[in-house]
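Under this note's numbering, the first residue of the sequence shown is numbered 1, with each subsequent residue one higher.
Ideal placement from N, C-alpha and C gives every residue a C-beta, glycine not left out.
Since the model is a prediction, treat every value here as computed from it, not as a measurement.
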Amino acid sequence: ERIANTDTGAITSIQAVYVPADDFTDPAAVHTFSHLSASIVLSRKRASEGLYPAIDPLQSSSKMATPGTIGERHYRIAQEVRRTLAQYAELKDIIAMLGLEQLSPEDRNVVARARRLERFLTQPFFTTEQFSGLKGKLVSRKDALDGCERILRDEFKGYPEHALYMIGAVEEAKEKVKAGKPGFPDEPGSNKAATNPTPSSQSSK
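Set out below in C-alpha coordinates:
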(Lines of atoms letter the chains of each structure in order from A and count residues from 1; the text may use other names and numbers.)
(Lines give C-alpha, C1' and ligand atoms only; values in the text may rest on other atoms or scores of the structure.)
Protein backbone atom coordinates (compact mmCIF):
# COMPACT_ATOMS: atom_id res chain seq x y z
CA GLU A 1 0.00 0.00 0.00
CA ARG A 2 1.32 3.44 -0.91
CA ILE A 3 1.17 5.65 2.19
CA ALA A 4 2.26 8.80 0.39
CA ASN A 5 3.52 9.89 -3.01
CA THR A 6 5.84 12.79 -3.77
CA ASP A 7 7.55 14.11 -6.87
CA THR A 8 10.68 12.15 -5.96
CA GLY A 9 9.27 8.85 -4.76
CA ALA A 10 6.74 7.00 -2.65
CA ILE A 11 6.51 5.57 0.85
CA THR A 12 5.35 1.98 0.65
CA SER A 13 3.89 0.03 3.56
CA ILE A 14 4.23 -3.76 3.65
CA GLN A 15 1.63 -5.40 5.88
CA ALA A 16 1.22 -9.01 7.03
CA VAL A 17 -2.45 -10.00 6.95
CA TYR A 18 -3.79 -13.15 8.62
CA VAL A 19 -6.89 -14.54 6.90
CA PRO A 20 -8.95 -16.65 9.36
CA ALA A 21 -9.41 -20.21 8.06
CA ASP A 22 -8.08 -19.02 4.68
CA ASP A 23 -11.52 -17.54 4.00
CA PHE A 24 -10.96 -14.70 1.55
CA THR A 25 -14.68 -13.86 1.62
CA ASP A 26 -14.39 -12.85 5.28
CA PRO A 27 -15.55 -9.19 5.52
CA ALA A 28 -12.38 -8.13 7.34
CA ALA A 29 -10.19 -9.70 4.65
CA VAL A 30 -12.25 -8.20 1.82
CA HIS A 31 -12.04 -4.74 3.39
CA THR A 32 -8.29 -5.02 3.97
CA PHE A 33 -7.41 -6.28 0.49
CA SER A 34 -9.50 -3.55 -1.15
CA HIS A 35 -7.00 -0.99 0.16
CA LEU A 36 -3.86 -2.78 -1.02
CA SER A 37 -2.14 -2.06 -4.33
CA ALA A 38 -0.58 -5.54 -4.35
CA SER A 39 -0.86 -8.76 -2.37
CA ILE A 40 1.32 -11.86 -2.07
CA VAL A 41 -0.80 -14.74 -0.81
CA LEU A 42 0.90 -17.69 0.87
CA SER A 43 -0.70 -21.10 0.38
CA ARG A 44 -0.75 -23.94 2.92
CA LYS A 45 -1.63 -26.35 0.11
CA ARG A 46 1.41 -25.41 -1.96
CA ALA A 47 3.59 -25.73 1.12
CA SER A 48 2.21 -29.22 1.81
CA GLU A 49 3.09 -30.17 -1.79
CA GLY A 50 6.67 -28.95 -1.36
CA LEU A 51 6.20 -26.07 -3.79
CA TYR A 52 8.34 -23.26 -2.35
CA PRO A 53 8.09 -20.28 -2.26
CA ALA A 54 4.55 -21.27 -1.26
CA ILE A 55 2.98 -18.30 -3.05
CA ASP A 56 -0.40 -18.78 -4.69
CA PRO A 57 -0.02 -17.21 -8.16
CA LEU A 58 -3.79 -17.06 -8.71
CA GLN A 59 -4.70 -15.41 -5.40
CA SER A 60 -1.75 -13.00 -5.52
CA SER A 61 -2.23 -9.82 -7.52
CA SER A 62 -0.96 -6.33 -8.22
CA LYS A 63 -2.75 -3.25 -9.51
CA MET A 64 0.57 -2.20 -11.02
CA ALA A 65 0.78 -5.28 -13.27
CA THR A 66 -0.21 -3.37 -16.39
CA PRO A 67 1.47 -3.19 -19.82
CA GLY A 68 2.34 0.44 -19.20
CA THR A 69 4.16 -0.36 -15.95
CA ILE A 70 5.83 -3.74 -16.48
CA GLY A 71 5.95 -3.84 -20.28
CA GLU A 72 3.92 -5.65 -22.91
CA ARG A 73 5.97 -8.88 -22.90
CA HIS A 74 6.01 -9.25 -19.11
CA TYR A 75 2.26 -8.59 -18.94
CA ARG A 76 1.47 -11.03 -21.75
CA ILE A 77 3.51 -13.87 -20.23
CA ALA A 78 2.11 -13.26 -16.73
CA GLN A 79 -1.45 -13.34 -18.03
CA GLU A 80 -0.83 -16.52 -20.00
CA VAL A 81 0.74 -18.21 -16.97
CA ARG A 82 -2.24 -17.24 -14.79
CA ARG A 83 -4.69 -18.40 -17.45
CA THR A 84 -2.96 -21.77 -17.77
CA LEU A 85 -2.84 -22.31 -13.99
CA ALA A 86 -6.50 -21.27 -13.68
CA GLN A 87 -7.54 -23.78 -16.35
CA TYR A 88 -5.59 -26.49 -14.52
CA ALA A 89 -7.32 -25.59 -11.24
CA GLU A 90 -10.71 -26.00 -12.94
CA LEU A 91 -9.71 -29.41 -14.31
CA LYS A 92 -8.50 -30.84 -11.00
CA ASP A 93 -11.94 -32.05 -9.91
CA ILE A 94 -12.44 -33.89 -13.21
CA ILE A 95 -8.99 -35.45 -12.91
CA ALA A 96 -9.72 -36.54 -9.32
CA MET A 97 -13.03 -38.18 -10.29
CA LEU A 98 -12.38 -39.58 -13.76
CA GLY A 99 -8.62 -39.54 -14.23
CA LEU A 100 -6.30 -37.66 -16.56
CA GLU A 101 -6.98 -40.03 -19.45
CA GLN A 102 -10.59 -38.79 -19.65
CA LEU A 103 -9.49 -35.29 -20.61
CA SER A 104 -9.30 -34.10 -24.19
CA PRO A 105 -5.82 -33.87 -25.77
CA GLU A 106 -6.01 -30.07 -25.49
CA ASP A 107 -6.84 -30.22 -21.78
CA ARG A 108 -4.05 -32.73 -21.16
CA ASN A 109 -1.63 -30.29 -22.77
CA VAL A 110 -2.90 -27.55 -20.45
CA VAL A 111 -2.31 -29.81 -17.44
CA ALA A 112 1.20 -30.68 -18.63
CA ARG A 113 2.11 -27.01 -19.08
CA ALA A 114 0.60 -26.00 -15.74
CA ARG A 115 2.41 -28.71 -13.77
CA ARG A 116 5.71 -27.76 -15.35
CA LEU A 117 5.07 -24.10 -14.61
CA GLU A 118 4.28 -24.93 -10.97
CA ARG A 119 7.59 -26.71 -10.62
CA PHE A 120 9.57 -24.04 -12.46
CA LEU A 121 8.14 -21.42 -10.10
CA THR A 122 9.83 -23.18 -7.17
CA GLN A 123 13.24 -21.99 -6.02
CA PRO A 124 15.76 -23.22 -3.42
CA PHE A 125 16.51 -20.74 -0.62
CA PHE A 126 19.90 -19.68 0.67
CA THR A 127 18.47 -19.81 4.20
CA THR A 128 17.63 -23.52 3.96
CA GLU A 129 20.76 -24.87 2.27
CA GLN A 130 21.80 -26.79 5.39
CA PHE A 131 18.39 -28.52 5.59
CA SER A 132 17.66 -29.17 1.92
CA GLY A 133 21.15 -29.86 0.61
CA LEU A 134 20.32 -27.59 -2.34
CA LYS A 135 22.28 -24.44 -3.05
CA GLY A 136 20.18 -21.28 -2.95
CA LYS A 137 19.61 -19.49 -6.23
CA LEU A 138 18.84 -15.97 -7.38
CA VAL A 139 16.87 -15.73 -10.60
CA SER A 140 16.67 -12.61 -12.73
CA ARG A 141 13.34 -11.36 -14.02
CA LYS A 142 14.55 -12.00 -17.57
CA ASP A 143 15.37 -15.65 -16.82
CA ALA A 144 12.03 -16.14 -15.06
CA LEU A 145 10.09 -14.70 -18.00
CA ASP A 146 12.13 -16.62 -20.57
CA GLY A 147 11.56 -19.88 -18.70
CA CYS A 148 7.81 -19.39 -18.40
CA GLU A 149 7.53 -18.43 -22.07
CA ARG A 150 9.47 -21.51 -23.22
CA ILE A 151 7.36 -23.83 -21.04
CA LEU A 152 4.19 -22.28 -22.46
CA ARG A 153 5.54 -22.97 -25.94
CA ASP A 154 5.91 -26.66 -24.97
CA GLU A 155 9.69 -26.55 -25.38
CA PHE A 156 10.02 -28.73 -22.27
CA LYS A 157 7.08 -31.03 -22.96
CA GLY A 158 9.38 -34.03 -23.33
CA TYR A 159 11.18 -33.36 -20.06
CA PRO A 160 10.12 -34.98 -16.77
CA GLU A 161 8.37 -32.56 -14.43
CA HIS A 162 10.97 -32.95 -11.70
CA ALA A 163 13.65 -31.57 -14.05
CA LEU A 164 12.05 -28.14 -13.61
CA TYR A 165 11.74 -28.43 -9.83
CA MET A 166 13.97 -26.31 -7.59
CA ILE A 167 16.13 -24.83 -10.34
CA GLY A 168 17.17 -21.31 -11.32
CA ALA A 169 17.17 -20.51 -15.03
CA VAL A 170 15.19 -22.97 -17.16
CA GLU A 171 18.35 -24.18 -18.93
CA GLU A 172 19.26 -25.96 -15.71
CA ALA A 173 16.48 -28.47 -16.46
CA LYS A 174 18.44 -29.67 -19.48
CA GLU A 175 21.58 -29.96 -17.37
CA LYS A 176 19.73 -32.02 -14.73
CA VAL A 177 18.42 -34.43 -17.35
CA LYS A 178 21.85 -34.82 -18.95
CA ALA A 179 23.43 -35.42 -15.55
CA GLY A 180 20.67 -37.83 -14.55
CA LYS A 181 19.96 -35.83 -11.40
CA PRO A 182 16.65 -36.32 -9.58
CA GLY A 183 14.43 -33.41 -8.64
CA PHE A 184 14.12 -33.01 -4.87
CA PRO A 185 14.27 -35.70 -2.15
CA ASP A 186 10.49 -35.42 -1.69
CA GLU A 187 8.57 -34.95 -4.94
CA PRO A 188 5.82 -32.28 -4.96
CA GLY A 189 2.46 -33.77 -4.10
CA SER A 190 3.84 -36.35 -1.69
CA ASN A 191 2.78 -36.33 1.94
CA LYS A 192 6.33 -36.26 3.20
CA ALA A 193 7.59 -33.27 5.13
CA ALA A 194 9.00 -30.48 2.98
CA THR A 195 12.45 -29.17 3.78
CA ASN A 196 12.03 -25.49 2.88
CA PRO A 197 10.15 -24.23 5.93
CA THR A 198 9.44 -20.61 5.01
CA PRO A 199 9.25 -18.36 1.96
CA SER A 200 12.15 -15.99 1.40
CA SER A 201 12.29 -12.47 0.05
CA GLN A 202 15.18 -13.50 -2.20
CA SER A 203 12.83 -15.21 -4.66
CA SER A 204 12.35 -13.38 -7.93
CA LYS A 205 10.35 -15.92 -9.94
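- Between the region 154–165 and the region 84–97, the count of Cβ pairs shorter than 8 angstroms is below three; the stretches do not touch.
- At least 8 angstroms separates the beta-carbon of Tyr159 from that of Ala179.
- Under the DSSP assignment, Asp107 falls in the alpha helix (DSSP H) whose first and last residues are Pro105 to Phe120.
- Here the region 109–121 makes contact with the region 145–160; the two share three or more CB pairs at distances below 8 angstroms.
- Cβ contact annotation for Ser61 (same chain, cutoff 8 angstroms, sequence separation greater than five): Ala38 and Ser39, in chain order.
- If you draw a 10 Å sphere on the C-beta of Lys142, you find fewer than 16 other C-beta atoms in it, and that means exposed.
- Approximately 3 angstroms separates the beta-carbon atoms of Val170 and Gly147; this is inside 8 angstroms, confirming the contact.
- Judged by DSSP in its simplified three-state form, Thr32 adopts helix.
- Excluding its 5 nearest sequence neighbours in each direction, Ala54 has C-beta neighbours in its own chain below 7 angstroms: Leu42, Ser43, Arg46, Ala47 and Pro199, listed in chain order.
- For Thr128, there is no enclosing alpha helix (DSSP H), as DSSP marks it with neither H nor E.
- Straight-line spacing of the CA atoms in Leu58 and Arg150 works out to 20 angstroms.
- In the DSSP assignment, Met166 falls outside any alpha helix (DSSP H) and carries neither an H nor an E.
- The three-state secondary structure of Leu51, taken from DSSP, is coil.
- Leu100 carries a helical assignment under DSSP once its states are collapsed to helix, strand and coil.
- Comparing alpha-carbon positions, the option among Arg119, Thr8 and Tyr52 lying closest to Phe126 turns out to be Tyr52.
- At a Cβ-Cβ threshold of 8 angstroms, Pro124 and Leu134 count as neighbours.
- For Val139, no alpha helix (DSSP H) run applies, since DSSP gives it neither H nor E.
- A straight-line Cα-Cα distance of about 8 angstroms links Asp23 and Ala29.
- As the crow flies, the alpha-carbon of Gly168 is around 14 angstroms from that of Val177.
- For a cut-off of 8 angstroms, the C-beta gap from Leu145 to Arg73 is around 7 angstroms, short enough to register as a contact.
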